[in-house]
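For the sequence shown, counting from 1, position 500 maps to 500 in UniProt numbering; every step adds exactly one.
Here is the structure we will look at.
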Amino acid sequence: MARVFEFIKDITDRKDLWKIAVKVKDKWNATKEGKDFFQIVVVDSKGDDIFVLVPIELKQKFENEIPITVNNTYTMQNFQVTKNDDQFKPSHHEFKLRFTGGTLVEDVNVHQIADPVAKFKSFGDILNGDFREDYLYDVIGLVDEVGYQQPHPGNRKVQVNFILRDLGNNVINCTLWENYALKFFNVQNKANEGPTIVFMKYAKVKHAGLLTGNTFNIVSLAAGIESGTITNVTETPSQMMSQSSGGSQFTPYTAEQKFTHNAEVMPLSKIVQLAEDTKCVTVVDTVKIKPNKSGWYYLTCYKCPKQCFGDAPPYRCIDKHETETEIIRYKMDIEVGAGDVKATCVFWDRECAQLLGISASDLRAEMLGIGITNPLVYPVQMDDITGRTIAVKLKWQVKWKTGSVMAIHDGGDFVNEIQSSFPPGDGPQGNLIKYDKTIAKSEDNSSAESTQNTQDMVIPTISLSASDEIDPDNIDLTTPPPKRLGKQLESSHEIVNVDNVVGSKASSTKMMKKPKKE
């Protein structure tokens, strides 16, 4: 089923797979660390707008291959949605969008969207303090009086101060700098008689009655400002769920034993702090799908589990194997969370099919049946993946800060059993089946924050390394990994001993002991 269009006012960070029909209202270039990118404000048919950042690595694509131009309309879908927490906000929407490798832009000038109507901020509101200093506003007024002028660069920047008056005889003080001040002087010099009208877009109100107008070029105010904060993480010793080595007599593995075999059971807050690649079992909520440049499926080789490439058969993998038929497999980046901690995990074919209840090939066939061939168009069925509380077995990759999911388990009793070993507050927020809290033995009340928030540059999803482009379809139960040494883990502010994370008695070669049911 094709995804339907949604409206800008409905956009939240509960998902990234939004599909919107928009007109580009404004566009400007910006610079960060000497590299150019651009930003836009788009508006939909209802007149609502939202701020969009097109990062450095995608600037060429959306200026040359798929040019984004002011007043053109487009279909846009798949973004990274984050809180609109910039210091100065050209859009007053609660959220902002960022293009990623998985963003799809098409249907140029197909949609009929009226030109946006300017929403002028009244002088009365400004004088009464009815505004936010982090919002940028459109204002219009008549130049009533010109004050201090610095028309030529020298010891001070080019500047002009003046008073604007509206139709209600309310007045506000305004300041323009550099290029905008030069434009003002140019208009003043050419005007023989009659009033001068000033229309400022994205003006900043500093305090009641004082306005500065150099904010359309957002970078002049916002570049280099970092709003990210680092939270101190204090670790206290914790003991994981008790584990036993079992008897010498062979006993077949249960599904739950296979799930936890050769893995360390720990909450997500500890996983994101690991200093080396580790197989882990944890419980998470599936938050949202994070679109990437490859889309939701890939072609795989029939001789090996590696990805194939090509527009027509024979398809070839990196080992030069040729495949004549299409073998479709899921592969999706999914944001997972537990408490306040979030991370990105790669979910492979088996796990995605388990969550969706349909194979990748069948779902793709449905999409082909309605004329959709692009893997960047995520079927609406994908929304069923989010909002689930599941146990996951994953390989945490320190280099990429990403987990490669090896197995999932959504059985309520088993999920609660894993959850009961975590410190309070370290589990997901989903609705779990209640369990006897006397089972929990951990004394760790620490919390962790997995990401740092920056104003402009939000780190996009990174692909896994080449060694993990292979679907981990089989779990090896024969050779356990070597015991982890007592290396130290490094957090944002301090060095944390490994015993604080995995527990002094935890072992990667032992099975998890099921807690007794009271």
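From the three backbone atoms N, C-alpha and C, an ideal C-beta is built for every residue, glycine too.
Predicted model, so just to flag it, every value in this text is computed and none were measured.
Next on the checklist: Three or more C-beta pairs under 8 Å: does that hold for the stretch 287-297 against the stretch 406-413?
Outcome noted: By the criterion of at least three beta-carbon pairs nearer than 8 Å, the stretch 287-297 is not in contact with the stretch 406-413.
Checklist entry - If you run the structure through DSSP and keep just helix, strand and coil, what is Glu-326? => result In the structure shown, Glu-326 sits in coil (DSSP, three-state: anything other than H, G, I, E or B).
Checklist entry - Within 10 angstroms of its Cβ, does Asp-16 collect 16 or more other Cβ (buried), or is it exposed? => result So Asp-16 ends up on the buried side.
Next on the checklist: Please classify Ala-118 as buried or exposed, where buried requires at least 16 other C-beta atoms within 10 Å of its C-beta.
Outcome noted: Counting Cβ neighbours within 10 Å, Ala-118 comes out exposed, since fewer than 16 surround it.
Checklist entry - Pick from Gly-129, Asn-374, Arg-165: whose alpha carbon is nearest that of Val-139? => result For the options Gly-129, Asn-374, Arg-165, the alpha carbon positioned closest to that of Val-139 is the one of Arg-165.
Checklist entry - Around the Cβ of Ile-385, are there at least 16 other Cβ atoms within 10 angstroms (buried) or fewer (exposed)? => result Ile-385 comes out buried.
Checklist entry - If you check the beta carbons only, do Gly-124 and Asn-170 fall under 7 Å apart? => result Taking 7 Å as the Cβ cut-off, Gly-124 and Asn-170 qualify as a contacting pair.
Checklist entry - Using the C-alpha atoms, what's the distance from Thr-323 back to Met-367? => result Met-367 and Thr-323 have their C-alpha atoms roughly 23 Å apart.
Item to check | Span separating the alpha-carbon of Asp-277 from that of Ser-421 | outcome: In this model, Asp-277 and Ser-421 are separated by some 22 Å (Cα to Cα).
Checklist entry - Apart from the five residues just before and just after Glu-106, which ones in its own chain have a Cβ nearer than 6 Å to its Cβ? => result The answer, listed in chain order, is Thr-75.
Next on the checklist: Taking 6 Å as the limit between beta carbons, can you name the residues of its chain near Leu-53, skipping five residues before and five after?
Outcome noted: The answer, listed in chain order, is Gln-39, Arg-98.
Item to check | CB-CB length for Glu-326 against Leu-299, believed under 8 Å | outcome: Sure, about 6 Å apart at Cβ, within 8 Å.
Checklist entry - Curious, which full-length beta strand (DSSP E) runs of at least 3 residues does the stretch 51-109 contain? => result The beta strand (DSSP E) runs lying completely inside the stretch 51-109 and spanning 3 residues or more are 73-77, 80-83, 95-98, 104-106, given in chain order.
Item to check | Member of Leu-363, Tyr-302, Ala-407 whose CA lies at the smallest distance from the CA of Lys-258 | outcome: Residue Ala-407 holds the alpha-carbon nearest to the alpha-carbon of Lys-258 among Leu-363, Tyr-302, Ala-407.
Checklist entry - What does DSSP give as the partner residues of Gly-124 in its beta bridges? => result DSSP lists no beta-bridge partner residue for Gly-124.
Checklist entry - What is the rounded straight-line gap between the Cα of Cys-345 and the Cα of Glu-335? => result A straight-line Cα-Cα distance of about 6 Å links Cys-345 and Glu-335.
Checklist entry - CB-CB under 7 Å to Lys-354, same chain, minus the five flanking residues each way: which ones, in chain order? => result It should be pointed out that residue 354 corresponds to Gln in this sequence rather than to Lys. A distance below 7 Å between beta-carbons, with the five flanking residues on each side excluded, links Gln-354 to the following residues of its chain, in chain order: Ile-408.
Checklist entry - What do you get for Asp-10, buried or exposed, if any count of 16 or more other CB atoms within 10 angstroms of its CB means buried? => result It counts as exposed.
Checklist entry - What residues match up with Trp-28 in a beta bridge as DSSP calls it? => result Partner(s): Gln-39.
Checklist entry - Expressed to the nearest angstrom, what Euclidean distance is found between the alpha-carbon atoms of residue 522 and Pro-195? => result The shown model of the chain, from 1 to 518, leaves out residue 522, and the question about it has no answer.
Checklist entry - Among the residues of its own chain, which have a CB less than 8 Å from the CB of Asp-134, if the five just before and after it don't count? => result Listed in chain order, the non-local C-beta contacts of Asp-134 below 8 Å within the same chain comprise Asp-86, Gln-87, Phe-88, Lys-89, local neighbours out to five positions each way being set aside.
Checklist entry - Just to confirm, are Met-44 and Val-70 a CB contact at a threshold of 7 Å? => result In the sequence as presented, Met is not what sits at residue 44; that position holds Asp. No. Outside cutoff.
Checklist entry - Do you know offhand how far Glu-94's Cα is from Asp-349's? => result About 35 Å.
Next on the checklist: Comparing C-alpha positions only, which one of Lys-61, Val-110, Arg-329, Asp-48 sits nearest to Phe-37?
Outcome noted: Nearest option by C-alpha distance: Lys-61.
Checklist entry - What are the start and end residues of each continuous alpha helix (DSSP H) run of 4 or more residues lying completely inside the stretch 298-375, in chain order? => result If we require 4 residues or more, the alpha helix (DSSP H) runs fully inside the stretch 298-375 come out as 349-356, 360-369.
Item to check | Reduced DSSP category for Gly-412 - H, G, I as helix; E, B as strand; rest coil | outcome: Gly-412 falls in the helix class under three-state DSSP.
Checklist entry - Residue range of the alpha helix (DSSP H) that Gln-257 falls in? => result Here the alpha helix (DSSP H) through Gln-257 covers 255-260.
Checklist entry - What is the residue span of the beta strand (DSSP E) that Asn-161 lies within? => result 159-165 is the span of the beta strand (DSSP E), which, as asked, contains Asn-161.
Checklist entry - Under 7 Å between the Cβ atoms of Leu-363 and Pro-379? => result It is a contact, given that the beta carbons lie within the stated cut-off.
Next on the checklist: Taking 7 Å as the threshold (C-beta atoms), are Leu-136 and Tyr-202 in contact?
Outcome noted: Cβ distance < 7 Å, so Tyr-202 and Leu-136 count as in contact.
Next on the checklist: Taking its Cβ as the centre, do 16 or more other Cβ atoms sit within 10 Å of Lys-288, making it buried, or is it exposed?
Outcome noted: Burial of Lys-288 is indicated by the presence of at least 16 other C-beta atoms within 10 angstroms of its C-beta.
Checklist entry - Would a C-beta distance cut-off of 7 Å place Phe-7 and Lys-46 closer than the cut-off? => result In this structure, Phe-7 lies near Lys-46, with their beta-carbon atoms less than 7 Å apart.
Checklist entry - Since Val-281 and Ile-390 are thought to touch, with beta carbons under 8 Å apart, how far apart are those beta carbons, to the nearest angstrom? => result No, Val-281 and Ile-390 are not in contact; Cβ-Cβ is about 11 Å, not under 8 Å.
Checklist entry - Does DSSP put Phe-199 in a helix, a strand or coil? => result For Phe-199, the three-state secondary structure derived from DSSP is strand.
Checklist entry - From Val-284 to Ala-275, what distance separates their C-alpha atoms? => result Whole-angstrom Cα-Cα distance: 21 Å.
Item to check | Proximal residues to Phe-5 (C-beta, below 7 Å), its chain only, five neighbours per side dropped | outcome: Answer for Phe-5: Lys-19, Ile-20, Ala-21, listed in chain order.
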